[in-house]
């Protein structure tokens, strides 16, 4: 006799498979690499020669979001440190920070919204918009060795476009 399921809970199956992820490195369009500085700060600077190995390797995890299908929701973690980029409100302004999370629990398919960025790719350039704070993007300064931040000036003085290189 067939069993009829009257109600389906989509969340019941979220943990069946680990989320898909890629290891990658990012540079802004001025060729500044993203580097972990003083354990809890991400900075953008030009690397050359032996300093190239300082470039942070990120694990980009594809997560579930229910909204716009033109954007790809991802979580970004500095691979070796289990530090996740997150967006929080500090002093009345959306702010980018790094949070250490338990590797036994994270990443997961449904990440808390502060960890989710909507990745958009146009002509081999990627940008990451905060899911928590729409129209705020992971950004770098034109200046050297400045912290990576959350900015709301696309195409302006701040840099919001990045190139992505897969890491082995």
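Numbering (our numbering), first residue to last: 9 to 176.
Where a beta carbon is used, it is the ideal one built from N, C-alpha and C, also for glycine.
Check                                                                                                                                                     : Outcome
So what does DSSP say about residue 18, is it helix, strand or coil?                                                                                      : For residue 18, the pLDDT reaches just 48, beneath the cut-off of 50, and the residue's location in the model is therefore unreliable, leaving the point undetermined.
Taking the beta carbon of residue 159 as the centre, do at least 16 other beta carbons fall within 10 Å, making it buried, or is it exposed?              : buried
Three Cβ pairs or more, each shorter than 8 Å: is that satisfied between the segment 145 to 157 and the segment 48 to 58?                                 : yes
What first and last residue would you give for the beta strand (DSSP E) that runs through residue 159?                                                    : 157 to 159
Can you tell which of 63, 147, 94 and 145 has the C-alpha that lies nearest to the C-alpha of residue 109?                                                : 94
Between residue 80 and residue 126, how many whole angstroms is the CB-CB distance? I'm expecting something under 8 Å.                                    : 7 Å
Thinking residue 31 and residue 169 are a contact (beta carbons under 8 Å), I'd like their distance in whole angstroms, please.                           : Incorrect: roughly 21 Å between the Cβ atoms, too far for contact.
Considering only the alpha carbon of each residue, which of 151, 112 and 89 lies closest to residue 46?                                                   : 89
Write down the C-beta distance between residue 66 and residue 33 rounded to the nearest angstrom, noting that I regard them as a contact closer than 8 Å. : 7 Å
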